[in-house]
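Worksheet: one structure, shown below.
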Amino acid sequence: MIHRNVDAVVIGGGSAGLAAALALRTAGTTVAIVEREPFLGGILLQCIHSGFGLHEFRQDLTGPEYAARFVGPVREAGIEVFLNTTVMEIGEEPTGRSVIALSQNQGVVRFATRAVVLAMGCRERNRGNVAIAGTRPAGVLTAGLAQRLVNIEGCIPGRRVVIVGSGDIGLIMARRLTLVGCDVLAVVEIQPYPSGSARNIVQCLNDYSIPLHLGHVVTRIEGRDRVEAVRIAPLSDGRADAGKERRIECDTVLLSVGLIPENELSRAAGVPIDEGSSGPHVDADLMTGAPGIFACGNVLHVHDLVDYVTEEARRCGERAAAWLSGARKDAMLPVVPGANVRYVVPNACAAGRKNVFYLRALVVKNDALLDVRVGGRQARSQKLSHVQPSEMIRFSLEPDAVPERPAGEEAVVEVSIR
Ligand SMILES: Cc1cc2nc3c(=O)[nH]c(=O)nc-3n(C[C@H](O)[C@H](O)[C@H](O)COP(=O)(O)OP(=O)(O)OC[C@H]3O[C@@H](n4cnc5c(N)ncnc54)[C@H](O)[C@@H]3O)c2cc1C
Numbered sequence: 015m016i017h018r019n020v021d022a023v024v025i026g027g028g029s030a031g032l033a034a035a036l037a038l039r040t041a042g043t044t045v046a047i048v049e050r051e052p053f054l055g056g057i058l059l060q061c062i063h064s065g066f067g068l069h070e071f072r073q074d075l076t077g078p079e080y081a082a083r084f085v086g087p088v089r090e091a092g093i094e095v096f097l098n099t100t101v102m103e104i105g106e107e108p109t110g111r112s113v114i115a116l117s118q119n120q121g122v123v124r125f126a127t128r129a130v131v132l133a134m135g136c137r138e139r140n141r142g143n144v145a146i147a148g149t150r151p152a153g154v155l156t157a158g159l160a161q162r163l164v165n166i167e168g169c170i171p172g173r174r175v176v177i178v179g180s181g182d183i184g185l186i187m188a189r190r191l192t193l194v195g196c197d198v199l200a201v202v203e204i205q206p207y208p209s210g211s212a213r214n215i216v217q218c219l220n221d222y223s224i225p226l227h228l229g230h231v232v233t234r235i236e237g238r239d240r241v242e243a244v245r246i247a248p249l250s251d252g253r254a255d256a257g258k259e260r261r262i263e264c265d266t267v268l269l270s271v272g273l274i275p276e277n278e279l280s281r282a283a284g285v286p287i288d289e290g291s292s293g294p295h296v297d298a299d300l301m302t303g304a305p306g307i308f309a310c311g312n313v314l315h316v317h318d319l320v321d322y323v324t325e326e327a328r329r330c331g332e333r334a335a336a337w338l339s340g341a342r343k344d345a346m347l348p349v350v351p352g353a354n355v356r357y358v359v360p361n362a363c364a365a366g367r368k369n370v371f372y373l374r375a376l377v378v379k380n381d382a383l384l385d386v387r388v389g390g391r392q393a394r395s396q397k398l399s400h401v402q403p404s405e406m407i408r409f410s411l412e413p414d415a416v417p418e419r420p421a422g423e424e425a426v427v428e429v430s431i432r
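Just so we're aligned, residue 15 is where the sequence shown starts under this note's numbering, counting upward by one.
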C-alpha cells in the first residue's frame, strides 16, 4: 500500500477538479488529484465540438482545447496526479480525513489529508431509470456513451438512429451522428418544450432538418437481438394516444434523459444531499455538511456551461485553502428556493461579501422576474426574458446586500421566479 500525506485531495480530474486543485496550490497548499480515467480533462475530452470558454477565455474552444488550458498549469504547479486510480472511500480520522483509492498500477493508495474536494461529475440516466416498454435488444445506449464511442474510440454505434429526450448531449449527438453518415430519424421529447438549449436546437437539429417531436413518448422498443424499431405516440391528457401511434424502423436508440450527480461516495462519507439539486448541501464556502469536505462542478449540481464549473471550482479551491489556513467562518444565512425554483446553490450565503448563486427554474416562462429577498426585504429584482428548467440561471449579491445581523432570527435568503 502507498501512503501519501497532503493538505487536500481532489477527487476527479475534470474541469472542476482541475480548477479547484490549481486554486488550492496557488494558495500554497499541497494537493493531489485522483482520477479514475487514464487522462485528466473529464467529460471535456469527448466534447470535440466548439462552444467552450466564451466567458472564461472570451474564445470559442473545443472541449479538449478548454481542458488543455488547465492540464498544463496543473502539471507545472507540481500538483501530484494519480491517474487510473479510483477513490473507493472517504474516512474520518482524528487528524482530518483519509481517502482510500485503488490504482491500476500501484494497488491501494491511502491519503492522509485535512480537506477533500468532491469533483466526481455526474452520470447519465439510462434505460433502467426510465420506463420504456418492449424487448431488451442490443443498440440501446446513452448519448454520452455514443459520444465517447464515436469521438474517442472511433466506433459508430449504428446507422438508423432515434434519440429519446432532447437534452444537450442528445442534440449534439444528433448532429455528430449525421456528420459521420448516420440517419437520425427523430428526437422524441415527452415535455412540450425542449430540454436542451435553444442554441443546440437550432445548430444541431434545425440546421440538419432532424425532426423534433415534442409532447411525444416512445411507447415500445422492438427487436430480438438488435433494435428493429421504436413506436412513438403523442401525449393526450398525460397519456400516450394509441390511435396516433406510429412505428419508426431503426437499429439504434440513444437515451438523453438527464444527468445525475455522482454522489455514492459522498453519501457513504455522511455528506447530506440536497433533494432539489441531487448534490451535496453546501454553505457559502462550498463546504458540505461534513467538515473539511467541499464540492464543486457537476457532482454539486448539473451545470450547462463549463465556464461556470470553472468559476465555482476556483472559488471552492480558494475557500478550502482559506479553511485549511484557519480562516474564521463568516456569518451565513440559509438560502431557500421560493416560488418556481427547483434549487439554489449554495444553500447558504455569507454576510459582508460577494455571493454567487446558480439555480434552476421549475417552469417555462417568458418575461419572468428573479426575486431575491433577505429576511423578507427585497435584495435583488432582475428581469429574465425567458426561463426554462434546462437553462441554469446565475446571479450574484453584492457584499452590502447581506448584512451581518439581518432582522429576525428566522432570516433567510429566499429566491423566487415570478
Ligand atoms: C455532451 C456534452 C456537451 C457539452 N457541451 C458544452 C458546451 O458546448 N459548452 C460548455 O460550456 N459546456 C458544455 N458541457 C458541460 C461541461 O462540459 C461540463 O459541465 C463540465 O465539463 C463538467 O466538469 P466536472 O469536472 O464537474 O465533471 P467531469 O468532467 O465529468 O469530471 C469528473 C471526473 O471525475 C472522475 N471520477 C468520478 N468518480 C471518481 C472516483 N470515484 N475516483 C476518481 N475519479 C473519479 C471521472 O472519471 C471524471 O473524469 C457539455 C457537457 C456534455 C456532457
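Glycine included, every Cβ here is placed at the ideal spot set by N, Cα and C.
Q. Based on the DSSP secondary-structure assignment, which residues constitute the bridge partners of Thr76?
A. Ser64
Q) In whole angstroms, what separates the C-alpha of Ala393 from that of Glu428? A) 10 Å
Q: Would you give the residue range spanned by the beta strand (DSSP E) that Tyr322 belongs to?
A: Not the beta strand (DSSP E): Tyr322 falls in the alpha helix (DSSP H), residues Val320 to Leu338.
Q: Could you say which of Arg137, Pro206 and Ala415 lies nearest to Gly229 if we only look at CA atoms?
A: Pro206
Q.
Closer than 8 Å is the cut-off here; do at least three beta carbon pairs connect the region 116-124 with the region 294-306?
A. no
Q | Strand pairing of Lys379, partner residues [DSSP] | A | Val401
Q) Under three-state DSSP, which class holds Leu373? A) strand
Q: Enumerate in chain order the residues of its own chain whose CB-to-CB distance from Asp321 is below 8 Å, with the five nearest sequence positions on each side excluded.
A: Phe66, Gly67, Leu68, His69 and Glu70
Q.
Can you tell me whether Cys136 is helix, strand or coil according to DSSP?
A. strand
Q: Check whether the Cβ of Arg238 sits closer than 7 Å to any heavy atom of ligand 1, and report yes or no.
A: no
**Q.** Ala353, buried or exposed, once every other Cβ within 10 Å from all chains shown has been counted against 16
**A.** exposed
(Q) What would DSSP say about Ile170, mapped onto helix, strand or coil? (A) coil
Q. Where does Cys363 sit, in a helix, a strand or coil, going by DSSP?
A. strand
Q) From what residue to what residue does the beta strand (DSSP E) around Ala157 run? A) Taken as a continuous stretch (DSSP letters only), Ala157 belongs to no beta strand (DSSP E), being part of the alpha helix (DSSP H) at Ala157 to Arg162.
Q: Report yes if the C-beta of Thr100 is less than 7 Å from at least one heavy atom of ligand 1; otherwise report no.
A: yes
Q | Straight-line Cα distance separating Ala365 from Leu38 | A | 23 Å
**Q.** Strand pairing of Gln392, partner residues [DSSP]
**A.** Arg387
Q.
So the candidates are Arg111, Ile16, Gln161 and Gly110; which of them puts its Cα closest to the Cα of Phe96?
A. Ile16
Q | Residues bridged to Asp197 (per DSSP) | A | Arg174
Q) Do the region 177-195 and the region 218-234 meet, that is, are 3 or more Cβ pairs less than 8 Å apart? A) yes
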